[in-house]
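Below is one structure, written out as structure tokens; comments come after it.
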Amino acid sequence: MRAVVRSVRSLRSAFRYQRNSYSSAFVRRRTHLIQNNSSPVYRLPDNDEIRRFLFPSIFISRAFSTDAAEKVNITEVNRAGPLVEYERRIAAGELFDGDACQVGTLKELQRLYDELVESADACRLDRYAVPEKAVRNRWFWSRLMPQSSYSPVKGLYLYGGVGTGKTMLMDLFFDQLPGNWRKKRIHFHDFMLNVHSRLQRHKGVADPLEVVAGEISDEAILLCLDEFMVTDVADALILNRLFRHLFSNGAILVSTSNRAPDNLYEGGLQRDLFLPFIATLKERCVVHEIGSAVDYRKLTSAEQGFYFIGKDLSTLFRQKFQQLIGEHVASPQVVEVVMGRTLQVPLGANGCAYFSFEELCDKPLGAADYFGLFKNFHTLALEGVPKFGLHNRTAAYRFVTLVDVMYENRARLLCTAEGSPVELFENVVTVSDAQQMAPRTSSRSRRNDDSNLCVDNELGFAKDRTISRLTELNSKEYLEQHAEERQLSQELANADAIQA
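Residue numbers for the sequence shown follow our numbering, so the first one is 4 and each next one is one higher.
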């Protein structure tokens, strides 16, 4: 009997100690936040009994406020979202009056936005809803007892021609999402570089892709990937397993691409191993085509002075480069890229880097090198861009990647080229284009003209995007925006220097 009484007393004292520790911890934290004028970020453990004991009034009032909260949430959904913001920008004259295809795409994005807002808890989007310790515990137990947790909301795969506003529409959607959500917007090139870098760190693990997928989904449940394009066999072989792990962790994908899912990695090496990814993608995403025939980038006005056409322009080009760097002295520099690699910059000064085309596109460089370059330089002076064809197809692929990375980083381009953006790629065609050309061309002219014809589906589709982006990079609007951003960055840097 004494043993029973002693046990009851010990349990009562233990409970009293635990209650006091929770209460005192809360009071100490609240006092600290008030003294430091901070916003309250303290969270009690996920234990309703403890909360009910410490704060009974919360549970009483919660029952009365549930209906009102639901009404407020519904109102907020109706008043916010990408479609609402799109209409506001058109009314303010910030965007061209949208065509039916863009409006149709925005309705899909608005539908997804509404579903995500309504299912935010089920999708585990709120980064503050689950304590970090609970995330680590979930990661640990999921390794011991693997289990799938697919999102109740499907993602969205947007595809269409160049200049139809895919990136703008996705950014519009992303910018309207709540700031406390676990979300990430990234270019597909950059995303895959990050994946390979993580795989390198976990190369001793039994299944590094599962670990990498776990890390990514812990950081961001909603992934917005721009310019989904698969050209590398190393990427193609891991995408299915990577995204199966991501989707089973609850990840939601929103992506833009020039290619329909069934046309991804068309003609690539070992494509049969890539096909399961297409099925996975179509299973977890709503596929929507943007059918606009308008290239909005080409509606901008051309600016002469940064894109020079012709040969033997070295003297003029160097004079223009000197004007950009002003009184600064250009000198060779070294830029760090991923995984300990470096990139040699022939000449650099005042945020401007000088390269010949051969130095940047004939050498075995890739997206990682170009990202490293534009993290350090806001302007690229590129001399001697040739016309592309069968003889320099590999260099053409690198140039396409270079323009993509440059555009993603909102950099400025000064270059000399053998032709206009359209003329640079006139000998690059898809298989379908080549078949249509054949009946219209005599056998003699084919022998003369087709010796340098590059028939390549991936490059043939990508060239339209590159032509469009080169046109925009050279537009008055783009250059003015670049100048404004550079001025703002300089003002912020000066302010930081004064404070330091």
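Glycine residues also receive a C-beta, built at the ideal position from the N, C-alpha and C atoms.
Item: Candidates L376, G182 and L405: which alpha carbon is nearest Q336's?; Value: L376
Item: Alpha helix (DSSP H) containing A209: first to last residue?; Value: Where A209 is concerned, there is no enclosing alpha helix (DSSP H), given that its DSSP letter is neither H nor E.
Item: Going by CA-CA distance only, name the one from K366, R127, S334 and E88 that's closest to I224.; Value: R127
Item: For H199, which residues in the same chain have their Cβ closer than 7 Å to its Cβ, ignoring the five residues on either side in sequence?; Value: none
Item: Within a Cβ cutoff of 6 Å, which residues of the same chain sit near P211, ignoring the five residues on either side of it in sequence?; Value: L202 and H205
Item: Output the boundary residues of the alpha helix (DSSP H) element that contains L476.; Value: N460 to L476
Item: In whole angstroms, what separates the C-alpha of R262 from that of Q502?; Value: 49 Å
Item: How big is the Cα-Cα spacing for V290 and Y160?; Value: 5 Å
Item: Roughly how many angstroms separate the alpha carbons of R274 and A239, rounded to a whole number?; Value: 8 Å
Item: Could you tell me if the beta carbon of S122 falls within a distance shorter than 7 Å of some heavy atom in the ligand ZN?; Value: The ligand ZN is not part of the structure shown, which contains no ligands of any sort.
Item: Just how far apart, CA to CA, sit E269 and I219?; Value: 27 Å
Item: What distance in whole Å lies between the Cβ atoms of L405 and N430, which are believed to be in contact at a cut-off of 8 Å?; Value: Actually they are not in contact, since the Cβ atoms of N430 and L405 sit about 19 Å apart, beyond 8 Å.
Item: Which residues bound the alpha helix (DSSP H) around T259?; Value: From DSSP, T259 is part of no alpha helix (DSSP H) but of the beta strand (DSSP E) over I255 to S260.
Item: So is L245 buried or exposed if we call it buried at 16+ other beta carbons inside 10 Å?; Value: buried
Item: Whole-angstrom Cβ separation of C355 and R401, contact assumed at under 8 Å?; Value: Actually they do not touch by this definition, with Cβ atoms about 21 Å apart.
Item: Nearest to L115 by CA position, among L86, E90 and L98, is which residue?; Value: L86
Item: When you compare each of F360, N395, I293 and F320 to K110 by their alpha carbons, which one comes out closest?; Value: I293
Item: For the beta strand (DSSP E) containing T404, name the first residue and the last one.; Value: No beta strand (DSSP E) contains T404, which is instead part of the alpha helix (DSSP H) from R396 to E411.
Item: In three-state DSSP terms, what is Q490?; Value: helix
Item: To the nearest angstrom, report how far apart N266 and E213 are at their CA atoms.; Value: 27 Å
Item: Check whether the Cβ atoms of F428 and F391 sit closer than 8 Å, and answer yes or no.; Value: yes
Item: Pop quiz: R287 and G158 are said to be a contact at Cβ under 8 Å. What is the actual Cβ separation, rounded to whole angstroms?; Value: 6 Å
Item: For D229, count neighbouring C-beta atoms within 10 Å of its own C-beta (all shown protein chains included) and say buried if the count is 16 or more, exposed if not.; Value: buried
Item: Can you tell me which of the three DSSP states Q502 falls into?; Value: helix
Item: Please determine, among F277, Y410 and G253, the residue with the shortest C-alpha to C-alpha distance to L234.; Value: Just to set this straight, residue 234 is Thr in the shown sequence, not Leu. Closest by alpha carbon: F277.
Item: What's the gap between the Cα of S317 and the Cα of E386?; Value: 8 Å
Item: Spatial neighbours of F191 within its chain, please: C-beta separation below 6 Å, excluding the five flanking residues on both sides.; Value: L228, E230 and F231
Item: Identify the residues that DSSP records as bridge partners of L385: which are they?; Value: F358 and C418
Item: Work out the CA separation of A333 and V215 for me, nearest whole Å.; Value: 41 Å
Item: Which same chain residues, not among the five before or five after H331, have their C-beta less than 6 Å away from its C-beta?; Value: A352 and N353
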